[in-house]
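Beneath this line is the structure, given in structure tokens, with notes to follow.
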Amino acid sequence: MNIGEKKIDRPYRWGIVGGGRTSQVGYKHRLGALMDNTNFRLVASAFDVDAERAKEFGAALNMDTDRCYPDYKTMFAEEAKREDGVEVVDVATPNFLHYEVVKAALEAGLHVICEKPMFFSVKEGEEIKALAEKMNKVVCVTYGFSGFPMLLQMRAMIANGMIGKVNMVDLRYAHGYGCDATADVKAEGQKWRVDPKKVGKSFVLGDLSTHTFYMSELVTSDMKLKEVLCDRQAFVGSRYPLEDNAYVLMRYENGAVGRMWASAVNAGDMSSQHIRIVGSKGSLEWNDRACDTLIYEVQGEPAQVLTRGGDYNDPLTQEQERLGALHFEGLPESWANLYTKFAQVMAAKDRGDEEFIRDMIYPDIDHGIDGIRWINACVKSADQNSTWVRFDADND
Ligand SMILES: NC(=O)c1ccc[n+]([C@@H]2O[C@H](COP(=O)([O-])OP(=O)(O)OC[C@H]3O[C@@H](n4cnc5c(N)ncnc54)[C@H](O)[C@@H]3O)[C@@H](O)[C@H]2O)c1
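Each residue of the sequence shown is one higher than the one before, starting from 1 at the first, in the numbering used here.
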């Protein structure tokens, strides 16, 4: 049970780049980091591409506006002069800025929490991984849906053989919010998502399916993706050459197969992520509309619905439990579970406890790099008229 007591000696001094007033994701970061009031304190920011709006927003959050900077370079330089300067930075800008901000943050000696998809190329990912190792800092990735406790339960049940050998991995992140083509030119947060220079090689493969792909890595912990075959299309034609819909077939090293449907034009669908893992004896299914439950089906037996908080759940699942059974949790708790782990991993890094970091289940830089591999392999496959592409090849 987690009732918000401290897990590290003192809260980290935390800052944000991006995530300003108009951003889609900024509030989720603040919910995650600040929910327990024991892991992080928000002390500095470069919230916005518009310096005036950044300052106004800092004031509206009751921050010290002298520490709400016009840009990240000024923020890192000014904070480095202070004894109580920022120690951890969160990168919540549009995709094309992640690499340069993360690099500058590590060079300034800060731990980093970065949005997905992390960067554009695996090469950039490997370079940043080497830099983080050199600077003795951690880079965490906000796959924000992966902190739901029932995903850890799914992982434990699969690892314990409760569905037998995994044969099929069935994934879906498909919603209908992208049906309205006019949003691409009107909404600030949508414009860069359909501009290849700013979003990268993909729209929904990066924006949506990197989440669900990481969650599949989380629950099928000992499986390795071998190759993918992807077909992608833009039903809203102005998004071409980016896609607003994609189907991906997957083959795993152990002979299992899978499929992913990623879409922003799944008209009318307001629930989005579904994960079904099918084994030789039974299946486990989770979706984000009923995130507190997990469906367990054994062939030939009545289906069971496991619920969050049930004391039959695995100890690691129970450790994430906050409100107690009967009371609904949701996305804020998922983010807070992740941020708690990020703080613990940073504290372990600072005290040199690598074993603690190895044992912690959280989205780290390797998972960020896998997200880049996923996008680049899928795009390469689709652009080669849907041929099989190895996941671990150089697809940059
Ligand atoms: N983890 C999740 O669940 C999740 C959800 C949504 C978005 N995201 C990711 O978060 C990132 C931001 O997405 P969003 O939807 O919030 O975008 P957005 O366009 O809604 O917001 C971007 C924010 O960054 C600011 N910004 C832009 N350029 C900047 C600069 N040079 N310096 C400082 N701030 C700058 C903008 O002013 C704005 O506040 C993207 O990488 C996206 O993929 C993740």
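Virtual Cβ for every residue (Gly too), placed ideally from N, Cα, C.
Compute the Euclidean distance between the alpha carbons of residue i and residue j, then round it to the nearest angstrom.
i: M223; j: K165; result: 11 angstroms
i: K186; j: E354; result: 47 angstroms
i: D392; j: A132; result: 22 angstroms
i: A183; j: A303; result: 42 angstroms
i: A377; j: D364; result: 20 angstroms
i: N385; j: R155; result: 34 angstroms
i: L316; j: L218; result: 13 angstroms
i: A343; j: E319; result: 16 angstroms
i: A325; j: D292; result: 9 angstroms
i: N266; j: S238; result: 17 angstroms
i: G18; j: F57; result: 12 angstroms
i: K6; j: T387; result: 50 angstroms
i: F203; j: G26; result: 20 angstroms
i: R41; j: P332; result: 17 angstroms
i: T38; j: Y339; result: 11 angstroms
i: G109; j: E87; result: 8 angstroms
i: E124; j: T65; result: 33 angstroms
i: A33; j: E301; result: 42 angstroms
i: V112; j: H367; result: 14 angstroms
i: Q273; j: N287; result: 6 angstroms
i: H327; j: G178; result: 32 angstroms
i: S209; j: S271; result: 14 angstroms
What are the start and end residues of the alpha helix (DSSP H) that includes residue i?
i: T317; result: 315-319
i: V456; result: In the structure as shown, the chain begins at 1 and stops at 396. Residue 456 is therefore absent and cannot be evaluated.
i: R232; result: Run containing R232: none in the alpha helix (DSSP H); it sits in the beta strand (DSSP E), 225-233.
i: L72; result: Residue 72 is actually Tyr in this sequence, not Leu. Start and end: 72-80.
i: E301; result: Neither: E301 is in no alpha helix (DSSP H) and is coded neither H nor E.
i: N290; result: It should be noted that the sequence gives Ala, not Asn, for residue 290. Unbroken run through A290: none, as it is neither H nor E.
i: K55; result: 51-60
i: E83; result: No alpha helix (DSSP H) holds E83; DSSP gives it neither H nor E.
Take residue i as the anchor and find which of the options has the nearest alpha-carbon.
i: M250; options: D314, F342, K349, N167; result: N167
i: M360; options: R155, F235, V345; result: V345
i: M260; options: V88, R276, G268; result: R276
i: Q299; options: N313, G309, L284, T307; result: L284
i: A44; options: E79, M150, N245, D370; result: E79
i: M118; options: K137, E107, L106, Y143; result: Y143
i: K226; options: I3, R390, G15; result: R390
i: N95; options: G371, H327, Y247, F148; result: G371
i: I163; options: T93, S280, G176; result: S280
i: S23; options: A77, Y240, N160, E115; result: E115
i: V199; options: E301, L152, T93, D269; result: T93
i: Y247; options: M215, R193, Y173; result: Y173
i: G20; options: N2, N136, C68; result: C68
i: S216; options: V102, E52, W374, R10; result: W374
i: N254; options: V169, K341, D350, V101; result: V169
i: E421; options: V102, A382, K341, D48; result: Only positions 1 to 396 of the chain appear in the structure, and residue 421 is not among them; the question remains open.
i: M35; options: P11, E52, A54, A77; result: P11
i: V141; options: F120, V91, P70, Q233; result: V91
i: F213; options: I128, Y252, E243; result: Y252
i: K201; options: L323, P241, G309; result: P241
i: S151; options: D50, M75, G15, Y296; result: According to the sequence displayed, residue 151 carries Leu and not Ser. That would be Y296, whose Cα lies nearest to the Cα of L151.
So what's residue i in DSSP terms, helix, strand or just coil?
i: T307; result: strand
i: V397; result: Missing from the structure shown is residue 397; the chain here goes from 1 to 396 and no further.
i: D339; result: The sequence shown places Tyr at residue 339, rather than the Asp named in the question. Of the three classes helix, strand and coil, the one that applies to Y339 here is helix, per DSSP.
i: W374; result: helix
i: S386; result: coil
i: G32; result: helix
i: E354; result: helix
i: S283; result: strand
i: G18; result: strand
i: L151; result: helix
i: Y27; result: helix
i: V278; result: strand
i: N167; result: strand
i: S381; result: helix
i: S202; result: coil
Can you give me the start and stop residues for the beta strand (DSSP E) that residue i sits inside?
i: V122; result: No beta strand (DSSP E) holds V122; the alpha helix (DSSP H) holding it covers 122-135.
i: A44; result: 40-46
i: L242; result: First-last for L242: undefined, no H or E at that position.
i: A92; result: 88-92
i: V298; result: 293-298
Among all the DSSP beta bridges, which residues are the ones paired with residue i?
i: C140; result: I113, D364
i: Q273; result: Y173
i: A183; result: The partner list for A183 (beta bridge, DSSP) is empty, contrary to what the question assumes.
i: Y12; result: F40
i: M250; result: V228, G258
i: S146; result: Partner(s): none; S146 has no beta bridge.
i: S263; result: A174, N245
Against chain D, with Cβ distances strictly below 8 angstroms, would residue i count as a contact?
i: Y72; result: Here chain D cannot be found, since the structure has a single protein chain.
Give a single yes or no on whether residue i has its beta carbon closer than 7 angstroms to a heavy atom of ligand 3.
i: I275; result: As far as ligands go, the structure on display features ligand 1 and does not contain ligand 3.
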